[in-house]
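Here the numbering used here is used: the first residue of the sequence shown is 52, the next is one more, and so on.
Even for Gly, the Cβ is constructed at its ideal location relative to N, Cα and C.
Only a predicted model underlies this, so the values are computations on that prediction, with no experimental measurement involved.
Following: one structure in structure tokens, then a few remarks.
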Amino acid sequence: MVEGLEMICFRIISNVGGARSSYIEAIQKAKQGDFEGARECIRAGQEMFLAGHEAHFELIQKEAQGEQVGGSMILVHAEDQLMSAEGFKIIAEEMLASYERIAELEKRLENR
């Protein structure tokens, strides 16, 4: 079994949990019309997501080198959080684009 598996899993969970929170904050900022703030939250979330993804890749590399990673509930949870954060990023980017479009259309209507 990989030494430090729990610590690697906690790195994944911590980083991608922060990323997911940033993506949710981005949606809230976009809803309020703070599009630059929303983009910044997505950028910050992406940095945290990449840190979590790198920790996950570390486990994959170890297994590819013949080390037994082993399965554990904490690893399953970490991978679930990783995928959840990735989904939230996609949703946040789409919501930002939608709110920007709505704001643009509202502005056009006001200028008529």
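Mark residue i as exposed unless 16 or more other C-beta atoms lie within 10 angstroms of its C-beta, in which case mark it buried.
i: residue 164; result: Residue 164 is absent from the model: the chain starts at 52 and stops at 163.
Do you know offhand how far residue i's Cα is from residue j's?
i: residue 77; j: residue 89; result: 4 Å
i: residue 137; j: residue 79; result: 17 Å
i: residue 86; j: residue 146; result: 11 Å
i: residue 106; j: residue 60; result: 8 Å
On the three-state DSSP scale, how would you describe residue i?
i: residue 71; result: helix
i: residue 163; result: coil
i: residue 112; result: helix
i: residue 55; result: coil
So, under 8 Å CB-CB, residue i and residue j are touching, yes? Tell me the CB distance rounded to an integer number of Å.
i: residue 103; j: residue 63; result: 5 Å
i: residue 111; j: residue 143; result: Residue 111 to residue 143, Cβ: 26 Å. No contact.
Under 7 Å: does the beta carbon of residue i sit that close to some heavy atom of the ligand FMN?
i: residue 89; result: Questions concerning the ligand FMN fall outside what the structure shown contains, since it holds no ligand whatsoever.
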